[in-house]
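*Asks:* This is the structure, below, for whatever I ask next.
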Amino acid sequence: MAGTGNSGPLAGVRVVELAGLGPAPFCAMLLADLGADVVLVDRPGAGARVDRPEGSDQTDLLNRGKRSIAVDLKHERGAAAVLALAERADVLLEGLRPGVAERLGVGPRQCWEVNPRLVYGRMTGWGQDGPLAPTAGHDIGYIALTGMLHAIGRAGGPPQVPLNLLGDFGGGSMYLAVGVLAALLEARGSGRGQVVDASIVDGAAHLATMIHGMRAAGGWSAERGTNLLDTGAPFYDVYETADGEHMAVGALEPKFYAELVERLGAEDLPDRGDPANWPELRRRFAEIFARRTRAEWTEVFDGSDACVAPVLSMTEAPRHPHVAARGTLVEREGVLQPAPAPRFSRTPNPAPRAVPATGADAAAVLDQWQVSGAAELLDSGAIARKEA
């Protein structure tokens, strides 16, 4: 797109994002990583980026690759400013509680009056309807109600919180991104936009489709920590090494398990096919792994098909040869961050771009998008001018 220098498979796609927290910003970041021109509608003078160098904070990674325009939605012309952007956009993303966007004058029907083709992506925890829709919540509560939090943890212990990766980002952001892209494809044929109602409850439940299938087939117990993939199986678990670090073992298939046993130098192990033998098998594995350091075990399993890997910290991960060779983690302006993913052979992703200063891109966006009534909106004060 002219003026942005964007590359990637979504180059030319215009996205308006109403500033929010967590899942919606990550979805918008993902679209920017894929080359979309994402304009973040910031609140004037708000956010962690204020009072940082040039008004930005390069550690605010969920806003990387975007451009910022500051709009006062409480101003009498605030809604008109957002609608003027929506008129020129392909997608609008918001993560507000149900009904809030409508009250602000920027809901789906209001946007479709100026742009019937607009895909309107909505990100919430509970969804746009249902008894809990108007209430507050966080990742931990959403995955709790899906049964997923209950399923994670060791036998005899409490549920373990998987950061906010399963709910906010796995069940939320990624489903919003898939939904938006699907709706964009559909709009190319129909000429009409639609609402994408992405809720974390729906997405987190959907992620567990395979587990539900295993449970229906009698292959998954509701008792936490007793199953094949939840640390119940001793050949799918982590083990402490002599230096207090850990190795991850995922030798599920027989041929991989055979190589694990061979490289461990283990003898006379009980049959892994009988779950009654799992406690003893776990004890034997733990005793063997405790004999060497993580570095020593890493060398033992290097290049093997035993499906064993060292458990690295976030500080150590960038130095792993495979991660380094792939460029999976990169540094920009002194900030370590994941590189865009996935990768494309013909339309490669742009390198991670900087976090914008709040409101810094108003003039460029209004000009390049050819926004209707731009001068009047700037003069009205609804759109903040960048301070000199």
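So for the sequence shown, my numbering puts the first residue at 25; every next one is plus one.
For each residue, glycine too, the CB sits at the ideal point set by N, CA and C.
#1: Just the Cα atoms here: how many angstroms apart are GLY227 and SER197?
#2: Shortest alpha-carbon distance to ARG133 belongs to which of THR250, GLY161, GLY217?
#3: Output the distance between the C-alpha atoms of ASP84 and THR371, rounded to the nearest integer angstrom.
#4: Touching or not, the segment 347 to 366 and the segment 315 to 324, by the rule of three or more beta carbon pairs under 8 Å?
#5: GLY351 and ILE93: beta carbons closer than 8 Å?
#6: Who are the Cβ neighbours of ARG212 in its own chain at under 7 Å, not counting the five residues just before and after it?
#7: With DSSP collapsed to three states, give me the class of VAL335.
#8: Classify SER404 as helix, strand or coil using the three-state DSSP reduction.
#9: Bridge partners for GLY430 per DSSP, in chain order?
#10: Which residues does DSSP pair with GLN15 in a beta bridge?
#11: Count the other C-beta atoms from every protein chain shown that fall within 10 angstroms of the C-beta of LYS317, then say buried if there are 16 or more, exposed otherwise.
#12: Leaving out the 5 sequence neighbours to the left and right, which residues in its chain are closer than 6 Å to LEU284 when beta-carbon positions are compared?
#13: Roughly how many angstroms lie between the CA atoms of GLY17 and ALA282, to the nearest whole one?
#14: Around the C-beta of VAL124, are 16 or more other C-beta atoms found within 10 angstroms, so that it is buried, or is it exposed?
#15: Per DSSP, VAL40 forms a beta bridge with which residues?
#16: In terms of DSSP beta bridges, what is THR148 paired with?
*Replies:* Straight from the coordinates:
#1: Spanning the two alpha carbons is a distance of roughly 9 Å.
#2: Of THR250, GLY161, GLY217, the residue nearest in Cα terms is GLY217.
#3: Each residue's Cα considered, the two are about 26 Å apart.
#4: Taking 8 Å as the limit for Cβ pairs, the verdict is that the segment 315 to 324 does not touch the segment 347 to 366.
#5: Cβ atoms of GLY351 and ILE93: not closer than 8 Å.
#6: Leaving aside the five residues that flank ARG212 on each side, none in its chain has a CB nearer than 7 Å to its CB.
#7: In the displayed model, VAL335 falls within coil according to three-state DSSP, outside both helix and strand.
#8: Three-state DSSP puts SER404 in a helix.
#9: This structure gives no information on residue 430, because the portion of the chain shown stretches from 25 to 412.
#10: The structure shown does not extend to residue 15, since the chain spans only 25 to 412, so no value can be given for it.
#11: In the sequence as presented, Lys is not what sits at residue 317; that position holds Thr. Its Cβ having fewer than 16 others within 10 Å, THR317 is exposed.
#12: Within the same chain, LEU284 has close Cβ partners ALA275, ALA330.
#13: This structure cannot settle anything about residue 17, because the visible part of the chain is limited to 25 through 412.
#14: Exposed, since its Cβ has fewer than 16 Cβ neighbours within 10 Å.
#15: As DSSP reads the structure, VAL40 sits in a beta bridge with VAL63, LEU116.
#16: For THR148, DSSP records a beta bridge to SER223.
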